[in-house]
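For the record, the sequence lines run as chains A, B, C and D. Position 116 of the first sequence, counting from 1, maps to 151 under the working numbering, and the rest follow consecutively. Position 167 of the second sequence, counting from 1, maps to 202 under the working numbering, and the rest follow consecutively. Position 26 of the third sequence, counting from 1, maps to 61 under the working numbering, and the rest follow consecutively. Position 58 of the fourth sequence, counting from 1, maps to 93 under the working numbering, and the rest follow consecutively. Ideal placement from N, C-alpha and C gives every residue a C-beta, glycine not left out. Below you'll find the structure, written out as structure tokens, and then a few comments.
4 protein chains.
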Amino acid sequence: MNSGATTRLAPTRFERQLARILDHATAVFYEKGYERATMRDLSRSSGLSLAGLYHYFESKEKLLYLIQRHYFKTVMERLNARLKDVTDPEERVRAFIHNHLEYFVANFKAYKVLSHEDDVLRNQFGAEIAALKREYYRSCASLVEDLKRARQLNFNNRIAVMGLFGSINWLHTWYNPRVDGNADAVAREISDVFLKGICSVARGPEGGQT
Amino acid sequence: MNSGATTRLAPTRFERQLARILDHATAVFYEKGYERATMRDLSRSSGLSLAGLYHYFESKEKLLYLIQRHYFKTVMERLNARLKDVTDPEERVRAFIHNHLEYFVANFKAYKVLSHEDDVLRNQFGAEIAALKREYYRSCASLVEDLKRARQLNFNNRIAVMGLFGSINWLHTWYNPRVDGNADAVAREISDVFLKGICSVARGPEGGQT
Amino acid sequence: MNSGATTRLAPTRFERQLARILDHATAVFYEKGYERATMRDLSRSSGLSLAGLYHYFESKEKLLYLIQRHYFKTVMERLNARLKDVTDPEERVRAFIHNHLEYFVANFKAYKVLSHEDDVLRNQFGAEIAALKREYYRSCASLVEDLKRARQLNFNNRIAVMGLFGSINWLHTWYNPRVDGNADAVAREISDVFLKGICSVARGPEGGQT
Amino acid sequence: MNSGATTRLAPTRFERQLARILDHATAVFYEKGYERATMRDLSRSSGLSLAGLYHYFESKEKLLYLIQRHYFKTVMERLNARLKDVTDPEERVRAFIHNHLEYFVANFKAYKVLSHEDDVLRNQFGAEIAALKREYYRSCASLVEDLKRARQLNFNNRIAVMGLFGSINWLHTWYNPRVDGNADAVAREISDVFLKGICSVARGPEGGQT
DNA sequence: AATGAATGAGAGTTCATTCAT
DNA sequence: CATGAATGAACTCTCATTCAT
Chain A
36 MNSGATTRLA PTRFERQLAR ILDHATAVFY EKGYERATMR DLSRSSGLSL
86 AGLYHYFESK EKLLYLIQRH YFKTVMERLN ARLKDVTDPE ERVRAFIHNH
136 LEYFVANFKA YKVLSHEDDV LRNQFGAEIA ALKREYYRSC ASLVEDLKRA
186 RQLNFNNRIA VMGLFGSINW LHTWYNPRVD GNADAVAREI SDVFLKGICS
236 VARGPEGGQT
Chain B
36 MNSGATTRLA PTRFERQLAR ILDHATAVFY EKGYERATMR DLSRSSGLSL
86 AGLYHYFESK EKLLYLIQRH YFKTVMERLN ARLKDVTDPE ERVRAFIHNH
136 LEYFVANFKA YKVLSHEDDV LRNQFGAEIA ALKREYYRSC ASLVEDLKRA
186 RQLNFNNRIA VMGLFGSINW LHTWYNPRVD GNADAVAREI SDVFLKGICS
236 VARGPEGGQT
Chain C
36 MNSGATTRLA PTRFERQLAR ILDHATAVFY EKGYERATMR DLSRSSGLSL
86 AGLYHYFESK EKLLYLIQRH YFKTVMERLN ARLKDVTDPE ERVRAFIHNH
136 LEYFVANFKA YKVLSHEDDV LRNQFGAEIA ALKREYYRSC ASLVEDLKRA
186 RQLNFNNRIA VMGLFGSINW LHTWYNPRVD GNADAVAREI SDVFLKGICS
236 VARGPEGGQT
Chain D
36 MNSGATTRLA PTRFERQLAR ILDHATAVFY EKGYERATMR DLSRSSGLSL
86 AGLYHYFESK EKLLYLIQRH YFKTVMERLN ARLKDVTDPE ERVRAFIHNH
136 LEYFVANFKA YKVLSHEDDV LRNQFGAEIA ALKREYYRSC ASLVEDLKRA
186 RQLNFNNRIA VMGLFGSINW LHTWYNPRVD GNADAVAREI SDVFLKGICS
236 VARGPEGGQT
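And the structure:
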């Protein structure tokens with residue numbers, strides 16, 4: 036994990052250590068959940084002493100914040116990079132879904148920490164993460180709106196997008212690569228159902244929402 | 036909440052009290068999450084003393100178990116009752132979605148306690164709840180399979196059903212009756228997208244899975 | 036167990052019930068120790084409700100008091116009855132030992148409750164039991180003194196008697212009827228060692244104590 | 036108290052602190068008994084915070100285990116050292132009694148914690164302490180058997196040794212240095228009575244036991 | 001940079017006991 | 001006579017965090 040997206044230059048020792056700790060912490064939060072995980076668990080898994088951990092972050096909450104921020108930022112960076120080359124509205128929605136699944140299947144532990152520990156953070160930390168999440172949601176919603184406009188479709192944006200987010204955020208409770216194939220396969224299946232779904236809905240001019 | 040489904044006759048004082056406590060506890064778990072919620076919170080919210088609570092259940096875990104069991108059993112009872120009168124395969128899938136949303140919009144606090152505190156329970160309790168959850172999943176999967184067979188459709192059952200569960204289980208993170216309308220409206224929208232989606236997917240004979 | 040030594044007439048229902056409860060309680064105290072034993076244990080073992088127990092005694096302490104008092108009084112009554120027919124000093128000491136072992140092998144659970152929960156009781160209860168214990172000790176000490184005087188023996192009374200009490204009070208930690216024979220056999224062996232011991236000690240006129 | 040018999044080199048700060056805590060705990064257990072003594076009592080007596088205590092041992096049970104193990108091991112080490120220089124069978128039995136009394140009069144609080152909290156420990160802890168106790172008992176029994184063989188005596192080994200253990204384990208309920216003299220005096224008296232006792236018993240060839 | 005030692009606050013749970021019925 | 005329901009107080013133990021070194 037590459038924390039500190041601020042610099043692209045060689046990371047300092049501190050940054051490398053921190054990244055290592057965040058990785059271990061992600062695994063522990065994945066396993067036991069944020070509340071159940073104790074600082075002692077983190078100490079054990081990272082090999083640092085309990086007090087040593089506090090050199091790298093001020094509190095358990097800050098640690099969760101750093102993890103969530105990192106993964107939100109990274110998935111969005113990758114999304115933006117990927118969308119640069121795609122213009123077709125439907126393909127852009129597919130790109131979003133594929134990007135999400137590809138990244139989070141590769142980082143499935145982080146994935147659960149993002150979706151399950153959704154509302155743990157309070158105050159400043161909570162607000163920042165909520166903002167990132169909203170931004171990510173808006174990215175997806177925009178792509179769907181673009182497609183709707185381009186094809187003159189008719190469905191409830193919010194419910195459709197939220198339904199899609201549900202599908203892809205719930206993945207961590209069931210996804211098994213041996214049963215379900217790789218990320219590409221799952222992304223194609225989910226994209227197909229979702230896109231055929233919204234493209235086929237046609238209830239006449241009264242339905243829908245901007 | 037009507038605990039003790041064994042008898043339909045007048046509930047005893049104990050049963051009524053227990054039901055009242057489970058209701059309060061559900062609200063507290065909804066608000067703070069199971070781990071963060073303390074027995075002292077439950078004491079406060081229920082008006083009973085800390086020790087008094089233990090007259091009604093042996094442990095905090097047992098309490099969560101009682102809640103989860105109750106709601107799983109009830110939603111399945113209602114599903115079975117509703118399916119009695121429906122024969123058309125598509126309508127039966129719609130009935131499932133509608134039943135789920137109707138019940139859990141009416142009991143949205145319990146809803147979060149079911150989906151968020153998914154894997155808290157261990158051992159016997161965990162096994163029992165997992166069995167109920169599997170049974171509920173199987174109900175839905177069967178209905179989808181019936182539809183697939185009836186219409187000779189072509190899609191990945193598991194991914195489709197899991198995607199649907201994601202959509203309806205994620206609801207508790209965003210549903211707002213003032214914005215999204217009542218349960219009927221949401222159920223119709225989600226059903227439309229899902230059903231059009233799976234009915235339109237046609238990738239040729241190589242796709243799909245039993 | 037026959038509580039309430041005050042009347043020799045037909046015991047009332049209350050007395051019979053109380054005696055039954057004391058018996059059960061003795062068994063529980065024997066098994067778990069006084070501190071570890073809970074009122075719920077007593078409720079379970081006696082078949083009465085928790086609150087029902089309090090009709091028979093005011094507190095857990097009083098219950099222990101009643102048990103200890105009963106067994107101390109009974110063993111002393113039996114001792115006095117037995118000593119009536121014995122005049123030889125040595126035989127009187129043997130009678131004490133035999134009486135003690137016979138009674139407490141027959142009531143070995145009570146026996147542990149007497150010796151292990153020695154110093155639990157406080158205040159009035161503690162004082163009364165301590166007085167009974169002192170009386171019992173004095174009985175034994177007198178017999179030993181009589182023997183010493185009659186035979187003009189020479190040993191430290193207090194240490195000898197305390198040593199004897201140790202031997203017979205420690206019994207509950209090791210006595211096993213299948214290995215050690217019945218009470219008579221053990222009493223004879225212990226009496227032999229003790230009596231030969233004190234009768235053979237002769238360190239000249241400076242030793243001993245009144 | 037010198038815990039950690041593994042090294043005879045300078046004890047670490049941790050070891051010294053632990054030893055200090057065990058000392059305080061021994062005093063508290065002596066005073067109130069293991070069950071009645073609370074962790075708060077130990078905290079108060081040792082000057083550490085409640086949580087601080089848990090830096091040194093994992094549980095109240097482990098604490099009792101550490102205490103009991105220490106004293107059993109130490110008294111046996113001392114016994115073995117002392118027996119090295121004694122060959123006469125009678126003197127060896129006297130050495131055992133003297134060693135026991137000397138050590139436990141000097142550590143009379145620990146003494147009660149050993150004998151009164153005999154059967155508190157369960158499972159692994161209980162098994163280990165029981166094994167040490169058995170070893171200590173065997174040491175004594177061997178010495179008595181040696182004497183019996185050397186002198187061709189005739190008495191029941193088990194009852195005699197158990198009686199002796201009763202005498203010396205019961206000491207903590209009555210011993211008062213001002214009344215009873217020092218350990219040497221008491222040891223001599225008890226040894227005299229016991230040894231004269233077993234040496235004088237002669238009931239003919241049918242008596243005794245291997 | 002890193003740690004052993006320490007802590008205040010609070011967790012879930014159990015206790016002997018009471019009281020309305 | 002007997003009980004289900006209830007409680008205040010106290011229990012052992014764990015938590016995230018700090019600080020001297």
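Whose C-beta lies closer than 7 Å to the C-beta of residue i among residues of the same chain, with five residues either side of it excluded?
i	result
TYR69 (chain C)	LEU99, GLU152 and VAL155
TYR91 (chain D)	GLN52, LEU53 and ILE56
GLU224 (chain C)	none
THR61 (chain D)	ILE102, LYS144, ALA145 and VAL148
HIS207 (chain D)	PHE143, TYR146, LYS147 and SER150
Go through its chain and collect everything with a Cβ distance to residue i's Cβ below 8 Å, but skip five positions before and after it.
i	result
SER235 (chain D)	none
LYS67 (chain B)	ASP76
SER78 (chain B)	SER84, LEU85, GLY87 and LEU88
ILE164 (chain D)	TYR100, GLN103, ARG104, PHE107 and LEU156
Cutting at 6 Å between CB atoms, please list the residues of its own chain near residue i, excluding the five before and the five after it.
i	result
VAL110 (chain B)	TYR138
PHE64 (chain A)	ALA72 and VAL148
PHE131 (chain D)	CYS175 and LEU178
LEU83 (chain C)	none
SER150 (chain C)	ASN204
PHE229 (chain A)	LEU199
ARG129 (chain C)	SER226
LEU167 (chain B)	PHE107
HIS133 (chain D)	ALA222
Could you tell me whether the Cβ of residue i comes closer than 8 Å to any Cβ of chain A?
i	result
LYS231 (chain B)	yes
GLU170 (chain B)	no
SER177 (chain B)	no
Can you tell me whether residue i is helix, strand or coil according to DSSP?
i	result
THR47 (chain C)	coil
PHE200 (chain D)	helix
TYR210 (chain B)	coil
GLN187 (chain D)	coil
ALA54 (chain D)	helix
ASN142 (chain C)	coil
GLU152 (chain D)	coil
ALA195 (chain C)	helix
ALA176 (chain D)	helix
LYS119 (chain A)	coil
ARG223 (chain A)	helix
TRP205 (chain A)	helix
I'd like to know if residue i contacts chain D, where contact means its C-beta is closer than 8 Å to some C-beta of that chain.
i	result
SER94 (chain C)	no
LEU206 (chain C)	yes
VAL148 (chain C)	no
ASP252 (chain C)	Coverage of chain C is limited to positions 36 through 245, which leaves residue 252 (chain C) absent and any answer about it impossible.
ARG3 (chain C)	Summary: the structure shown does not reach residue 3 (chain C), with chain C confined to residues 36 through 245, and so no result is reported for it.
Hey, does residue i have any beta-carbon neighbour from chain C nearer than 8 Å?
i	result
VAL228 (chain D)	yes
ALA195 (chain D)	yes
PHE190 (chain D)	yes
ASP153 (chain D)	yes
GLY87 (chain D)	no
PHE64 (chain D)	no
GLY68 (chain D)	yes
Of all the CB atoms in chain B, is at least one closer than 8 Å to the CB of residue i?
i	result
ILE225 (chain A)	yes
GLU126 (chain A)	no
SER235 (chain A)	yes
Three-pair Cβ contact test at 8 Å for the region 192 to 200 of chain D versus the region 114 to 123 of chain D: no
Contact between the region 179 to 196 of chain B and the region 217 to 232 of chain A (3+ Cβ pairs under 8 Å): yes
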